[in-house]
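Chain order of the listed sequences is G and Y.
Numbering-wise, the first sequence is residues 9 to 344 according to our numbering.
Numbering-wise, the second sequence is residues 9 to 344 according to our numbering.
Protein chains: 2
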Amino acid sequence: MRTRLKDVAERAGVSVKTVSNVVNGYEHVTAKTRSQVEAALVDLGYVPNLAARGLRNGRSGVIALALPELHAPYFAEIAHHVVRAAADRGWTVLVDETEGRLDRERQVAAGIRAHLIDGLILSPLALTAADLDGRADGVPLVLLGERVRHDVADRVAVDNVQAARDATAHLLRQGRRRIAAIGVQRSAAGASARLRLQGYRKAVREHGLDLDPVLAVPAAAWHRADGAAAVRSLLELGPPPDALFCFNDLLALGALRALHEAGLRVPDDVAVVGFDDIEETRYSTPSLSTVSPAKDGIAGTAVDLLVARLAAQAGAPSPPRRVVAAHTLAVRESSG
Amino acid sequence: MRTRLKDVAERAGVSVKTVSNVVNGYEHVTAKTRSQVEAALVDLGYVPNLAARGLRNGRSGVIALALPELHAPYFAEIAHHVVRAAADRGWTVLVDETEGRLDRERQVAAGIRAHLIDGLILSPLALTAADLDGRADGVPLVLLGERVRHDVADRVAVDNVQAARDATAHLLRQGRRRIAAIGVQRSAAGASARLRLQGYRKAVREHGLDLDPVLAVPAAAWHRADGAAAVRSLLELGPPPDALFCFNDLLALGALRALHEAGLRVPDDVAVVGFDDIEETRYSTPSLSTVSPAKDGIAGTAVDLLVARLAAQAGAPSPPRRVVAAHTLAVRESSG
DNA sequence: GTCGATGTTTGCAACGATGGAGAGCCATAC
DNA sequence: GTATGGCTCTCCATCGTTGCAAACATCGAC
Numbered sequence: 009m010r011t012r013l014k015d016v017a018e019r020a021g022v023s024v025k026t027v028s029n030v031v032n033g034y035e036h037v038t039a040k041t042r043s044q045v046e047a048a049l050v051d052l053g054y055v056p057n058l059a060a061r062g063l064r065n066g067r068s069g070v071i072a073l074a075l076p077e078l079h080a081p082y083f084a085e086i087a088h089h090v091v092r093a094a095a096d097r098g099w100t101v102l103v104d105e106t107e108g109r110l111d112r113e114r115q116v117a118a119g120i121r122a123h124l125i126d127g128l129i130l131s132p133l134a135l136t137a138a139d140l141d142g143r144a145d146g147v148p149l150v151l152l153g154e155r156v157r158h159d160v161a162d163r164v165a166v167d168n169v170q171a172a173r174d175a176t177a178h179l180l181r182q183g184r185r186r187i188a189a190i191g192v193q194r195s196a197a198g199a200s201a202r203l204r205l206q207g208y209r210k211a212v213r214e215h216g217l218d219l220d221p222v223l224a225v226p227a228a229a230w231h232r233a234d235g236a237a238a239v240r241s242l243l244e245l246g247p248p249p250d251a252l253f254c255f256n257d258l259l260a261l262g263a264l265r266a267l268h269e270a271g272l273r274v275p276d277d278v279a280v281v282g283f284d285d286i287e288e289t290r291y292s293t294p295s296l297s298t299v300s301p302a303k304d305g306i307a308g309t310a311v312d313l314l315v316a317r318l319a320a321q322a323g324a325p326s327p328p329r330r331v332v333a334a335h336t337l338a339v340r341e342s343s344g
Numbered sequence: 009m010r011t012r013l014k015d016v017a018e019r020a021g022v023s024v025k026t027v028s029n030v031v032n033g034y035e036h037v038t039a040k041t042r043s044q045v046e047a048a049l050v051d052l053g054y055v056p057n058l059a060a061r062g063l064r065n066g067r068s069g070v071i072a073l074a075l076p077e078l079h080a081p082y083f084a085e086i087a088h089h090v091v092r093a094a095a096d097r098g099w100t101v102l103v104d105e106t107e108g109r110l111d112r113e114r115q116v117a118a119g120i121r122a123h124l125i126d127g128l129i130l131s132p133l134a135l136t137a138a139d140l141d142g143r144a145d146g147v148p149l150v151l152l153g154e155r156v157r158h159d160v161a162d163r164v165a166v167d168n169v170q171a172a173r174d175a176t177a178h179l180l181r182q183g184r185r186r187i188a189a190i191g192v193q194r195s196a197a198g199a200s201a202r203l204r205l206q207g208y209r210k211a212v213r214e215h216g217l218d219l220d221p222v223l224a225v226p227a228a229a230w231h232r233a234d235g236a237a238a239v240r241s242l243l244e245l246g247p248p249p250d251a252l253f254c255f256n257d258l259l260a261l262g263a264l265r266a267l268h269e270a271g272l273r274v275p276d277d278v279a280v281v282g283f284d285d286i287e288e289t290r291y292s293t294p295s296l297s298t299v300s301p302a303k304d305g306i307a308g309t310a311v312d313l314l315v316a317r318l319a320a321q322a323g324a325p326s327p328p329r330r331v332v333a334a335h336t337l338a339v340r341e342s343s344g
């Protein structure tokens, strides 16, 4: 049996409330009482019952992080930063994997864990704004990524169009002319893909070049295998491109692999740029140039937005906030 | 304001307890009452308050997973499998990062989240058995890995000695004779390192070869950078080895990088085997041979052990259980 | 010595849910 | 018609904590 405030109170010869006051650092407790209580706390090894505290306060100190899959490096890194940012601010993180499935994303957004969590950070793949309309009464929500319209909830995201444009422009400046875009998606879940494609096209046109539809290569998912497959199919269709802009790093790493197998040298024959700056890109052969979103900034901002919502929950509802996270271009060997 | 059982009860014209009975699937409720209550539940969008339920039942339905760092691929994959296994069994996972720091590991083991979690799965780095002695009253604990003596808590781990021996024997069978062990650690946190070194030595001796101390290369941490640094220092000391057994995949990937920079071909000049079978090893250039622990099995077993403890908590304490997880050797290009 | 002000401690109620005891109702058996 | 038993449903207490308000103690000022 665990010790409760009551046990400590009996041991210290004071009331339960006084013990509670000591535990919570209430000012007006005499030094003598305080030390008695503290001794009893230590003796009995008291640990507060967070379920009871949560029930009483209406706050659990726990936020949920829902993302497609924890084992994808980008999400693992985001999760790391969120857990860390939350811990720094005194919160704990509970993790849900949605597998990018609409039903799971809807469930978590609808507040499946009501009163166990105080807020939710969601990185959606399939969810649309319609799914979120009219959930004003639910737990505060912060969205990661530009996949959902920004007027339904707080949102933190990099400017995908701008970032894709930067990456493509970098390749153009290196003198590349036939740049393929790897990772095109037409499904509802492909909002990021659309934005990155848009940025890519913008850069190509701004450089006075024509868009070759053959160079827009689709990928079902954004894993290594899809990147490798995309490159193989591209190479079958005709002369190889002189550069690839891959919509994420996993695609790019798969692409590096396929290029290597095809006997093409990177960056000599084909330059490659990815997106996400996962740690692996620094150690691949060759190391991978990539768009580097400020992941710690994204995580910190997301937690801050959530905490701000929590603090403001009593007052009038404020309009959703949209934060654009910084990004840079990390130039490495694959496009150096 | 969220709806409570009370609101639903008023709407349906029954008592709070009856609503509770319906929600919990209690048998003896008339069809009529049931349908009335269910209608009210839907109308008001009732969601149970898990904090209150947890307080009353003494169970929250949440387990904690504490590991050094979520962004290391091995731990990310373990976390993925644990979250999934827990979800399959109706549990939710809360994540703590310890950074491998002793104080943090002690805190989580001591039950910092008491009553918010029902059980704990901990992957310790620095913790010793002494830290766990006498915590019989705490929340059920399952340890991952062989770092801590197996008689203090339930434990799931691969047989590190055997696995390291298998990996080294594989290299010997390929005709390699100067095999370096990368990742040696002498600190308290290096229990896995010691076991893997032991297995490596065993295999070398069993093959009738002498151990060359130069070939046991230390690494402060087990990240890519450490693997690269270890190889560079090894190459400075004398003639290159003809194979590397790296104590984890990140070391091996860093090593591949350093070998490449040194102009050594893998596997022609130097064969490389890693440990963990993270997804990245299938796409590196060359792809990496590695010891493959059954990660889903480890995660599933860990959750099962925890759930079993929870179910048995009322009865007499049973002795700690030790489960040895399966491992195989995935042979890929780096030692093919 | 009394009064008020300040500082310290206490008791009670409440957060939302559920277990258990028992009240009410109906059908069946005598 | 009454007793019996079983099914439904309600009421009350309880889980551990904290906000509120009241009670109590201490002190200085008059």
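Just so you know, even glycine gets a beta-carbon here, dropped at the ideal spot from N, CA and C.
Predicted model only: the values in this text are computed from it and were never measured.
Pair within 9 Å by beta-carbon distance, Y/HIS353 and Y/ASP304:
Here chain Y comprises residues numbered 9 to 344, so residue 353 of chain Y is not present and cannot be evaluated.
Using C-beta distances below 7 Å, list every residue in its chain close to G/ASN65, excluding the 5 sequence neighbours before and after it, in chain order.
Locating residue 65 of chain G in the first sequence gives position 57, counting from the first residue. Excluding sequence neighbours, G/ASN65 sits near nothing in its chain.
Partner residues on chain G for Y/THR293, Cβ-Cβ distance less than 8 Å
In the second sequence, counting from the first residue as 1, residue 293 of chain Y sits at position 285. Result: LEU264, ARG265, HIS268, SER292, THR293.
Taking the runs of the beta strand (DSSP E) that are 3 residues or longer, which of them lie wholly in the stretch 10-83 of chain Y?
Taken in chain order, the complete beta strand (DSSP E) segments of 3 or more residues contained in the stretch 10-83 of chain Y are 70-75.
Report the rounded CA-to-CA distance for G/ALA118 versus Y/LEU259, giving the unit in angstroms.
Walking along the first sequence from the start, residue 118 of chain G turns up at place 110. Walking along the second sequence from the start, residue 259 of chain Y turns up at place 251. The alpha-carbon atoms of G/ALA118 and Y/LEU259 are separated by roughly 43 Å.
Where do the N-terminal and C-terminal ends of the alpha helix (DSSP H) with G/THR176 fall, by residue?
Here residue 176 of chain G corresponds to residue number 168 of the first sequence, with the count starting at 1. Unbroken alpha helix (DSSP H) run through G/THR176: 168-181.
My output table needs one value for Y/VAL339: the three-state DSSP class, helix, strand or coil.
In the second sequence, counting from the first residue as 1, residue 339 of chain Y sits at position 331. Three-state DSSP puts Y/VAL339 in coil, outside helix and strand.
Out of curiosity, what's the CA-to-CA distance linking G/ASP42 and G/VAL30?
Here residue 42 of chain G is taken as the residue at index 34 of the first sequence, counted from 1. Here residue 30 of chain G is taken as the residue at index 22 of the first sequence, counted from 1. In the sequence as displayed, the identity of residue 42 of chain G is Arg instead of Asp. Taking the straight line joining both Cα atoms gives about 6 Å.
Boundaries of the alpha helix (DSSP H) in which Y/SER241 is found, first to last residue
Residue numbering aside, residue 241 of chain Y sits at position 233 when the second sequence is read from its first letter. From DSSP, the alpha helix (DSSP H) with Y/SER241 extends over 232-245.
Let me know if Y/TYR291 comes out buried or exposed under the rule of 16 or more other beta-carbons within 10 Å of its beta-carbon.
By one-based count along the second sequence, residue 291 of chain Y stands at place 283. The residue in question, Y/TYR291, is buried, as its Cβ has 16 or more Cβ neighbours within 10 Å.
Can you confirm whether G/ILE129, when its beta carbon is compared against all beta carbons of chain Y, has any partner nearer than 9 Å?
Looking up residue 129 of chain G in the first sequence gives position 121. No, because no Cβ of chain Y sits closer than 9 Å to the Cβ of G/ILE129.
Buried or exposed for G/ASP284, going by 16 or more other Cβ atoms inside 10 Å?
One-based indexing of the first sequence puts residue 284 of chain G at position 276. Answer is buried; the Cβ neighbour count reaches 16.
Note down, in chain order, every chain Y residue with its Cβ under 8 Å from the Cβ of G/PRO132.
To locate residue 132 of chain G, count along the first sequence from 1; it is residue 124. Neighbours of G/PRO132 on chain Y: none; closest Cβ ~17 Å, over 8 Å.
Classify G/SER68 as buried or exposed, calling it buried when 16 or more other Cβ atoms lie within 10 Å of its own Cβ.
Position 60 of the first sequence, counted from the start, is the residue given in the question as residue 68 of chain G. G/SER68 comes out buried.
Nearest chain G C-beta to Y/ALA118 closer than 9 Å, yes or no?
One-based indexing of the second sequence puts residue 118 of chain Y at position 110. For Y/ALA118, the answer is yes, since a Cβ of chain G falls inside 9 Å of its Cβ.
If contact is defined by three or more beta carbon pairs under 8 Å, each pair taking one atom from either stretch, is the stretch 219-234 of chain G in contact with the stretch 154-174 of chain G?
no
Could you check whether the Cβ of Y/ASN7 sits closer than 9 Å to any Cβ belonging to chain G?
Here chain Y covers residues 9 to 344 and nothing more, so residue 7 of chain Y does not appear.
Closer than 8 Å between beta carbons: that is the criterion. Which residues of the stretch 100-114 of chain Y meet it against chain G?
THR100, VAL101, LEU102, VAL103, ASP104, GLU105
One question on the structure: do G/GLY153 and G/ALA199 come within less than 9 Å of each other, judged by their Cβ atoms?
As a working mapping, residue 153 of chain G is identified with position 145 in the first sequence. As a working mapping, residue 199 of chain G is identified with position 191 in the first sequence. In this structure, G/GLY153 lies near G/ALA199, with their beta-carbon atoms less than 9 Å apart.
Determine the DSSP secondary structure at Y/ALA188, reduced to helix, strand or coil.
By one-based count along the second sequence, residue 188 of chain Y stands at place 180. If DSSP states are grouped into helix, strand and coil, Y/ALA188 belongs with the strands.
In the DSSP assignment, what residue or residues form a beta bridge with G/ILE129?
If you number the first sequence from 1, residue 129 of chain G lands on position 121. Paired residues: G/LEU73, G/VAL150.
Y/ASP104 classed as buried or exposed, judged by whether at least 16 other C-beta atoms fall within 10 angstroms
Within the second sequence, the letter at position 96 stands for residue 104 of chain Y. Its Cβ being crowded by 16 or more others within 10 Å, Y/ASP104 is buried.
Sequence-distant residues of the same chain with beta carbon closer than 7 Å to Y/ARG97, five excluded per side:
If you number the second sequence from 1, residue 97 of chain Y lands on position 89. Contacts found: VAL311, VAL315.
Rounded to whole angstroms, how far is the Cβ of G/ARG155 from the Cβ of G/LEU133, which I believe are closer than 8 Å?
Taking the first residue of the first sequence as position 1, residue 155 of chain G is located at position 147. Taking the first residue of the first sequence as position 1, residue 133 of chain G is located at position 125. The pair is a contact, with the Cβ atoms about 7 Å apart (cut-off 8 Å).
In this structure, how does DSSP classify G/SER295 when only helix, strand and coil are distinguished?
By one-based count along the first sequence, residue 295 of chain G stands at place 287. Coil at G/SER295, not helix or strand.
Please determine, among Y/GLU35, Y/GLN182, Y/TYR82, Y/GLN115, the residue with the shortest C-alpha to C-alpha distance to Y/VAL339.
Reading the second sequence from its first residue, position 331 is the one you call residue 339 of chain Y. From the listed residues Y/GLU35, Y/GLN182, Y/TYR82, Y/GLN115, the smallest Cα separation to Y/VAL339 is found for Y/GLN182.
In chain G, which residues lie with their C-beta within 7 Å of the C-beta of Y/GLY62?
By 1-based counting over the second sequence, the position of residue 62 of chain Y is 54. Going along chain G in sequence order, the residues near Y/GLY62 (Cβ under 7 Å) are ALA59.
With distance defined between alpha-carbon atoms, name the residue in G/ALA229, G/HIS335, G/ILE306 nearest to G/ARG194.
On the first sequence, residue 194 of chain G is found 186 positions in, with the first residue counted as 1. Out of G/ALA229, G/HIS335, G/ILE306, G/ALA229 has the C-alpha closest to the C-alpha of G/ARG194.
Consult DSSP for Y/GLU85 and reduce its assignment to one of helix, strand or coil.
Taking the first residue of the second sequence as 1, we reach residue 85 of chain Y at position 77. Helix, per DSSP.
Can you check DSSP and say which residues form a bridge with G/THR289?
For the purposes of this step, residue 289 of chain G is identified with residue 281 of the first sequence, where counting begins at 1. Per DSSP, none; premise fails for G/THR289.
Based on DSSP bridge pairs, tell me the residues matched to Y/THR136.
On the second sequence, position 128 is the one that residue 136 of chain Y refers to. Bridge partners of Y/THR136: none, in fact.
G/HIS215 versus G/ARG273: straight-line alpha-carbon distance, rounded
As a position in the first sequence, residue 215 of chain G is number 207, starting the count at 1. As a position in the first sequence, residue 273 of chain G is number 265, starting the count at 1. The C-alpha of G/ARG273 is placed about 25 Å away from the C-alpha of G/HIS215.
Contact with chain Y by G/ALA236, beta-carbon distance below 9 Å:
Within the first sequence, numbered from 1, the residue matching residue 236 of chain G stands at position 228. Yes, G/ALA236 lies at the interface with chain Y (some Cβ there is under 9 Å from its Cβ).
Relative to the C-alpha of G/ALA138, which candidate in G/ILE129, G/HIS158, G/VAL147 has its C-alpha closest?
Along the first sequence, one-based indexing puts residue 138 of chain G at 130. The shortest C-alpha separation from G/ALA138 is found at G/HIS158.
Taking DSSP's pairing of strands, which residues face Y/PRO226 in a bridge?
In the second sequence, counting from the first residue as 1, residue 226 of chain Y sits at position 218. Looking at the DSSP output, Y/PRO226 sits in a beta bridge with Y/VAL192.
Shorter than 9 Å from the beta carbon of Y/ALA95 to some beta carbon of chain G?
By one-based count along the second sequence, residue 95 of chain Y stands at place 87. So, interface residue.
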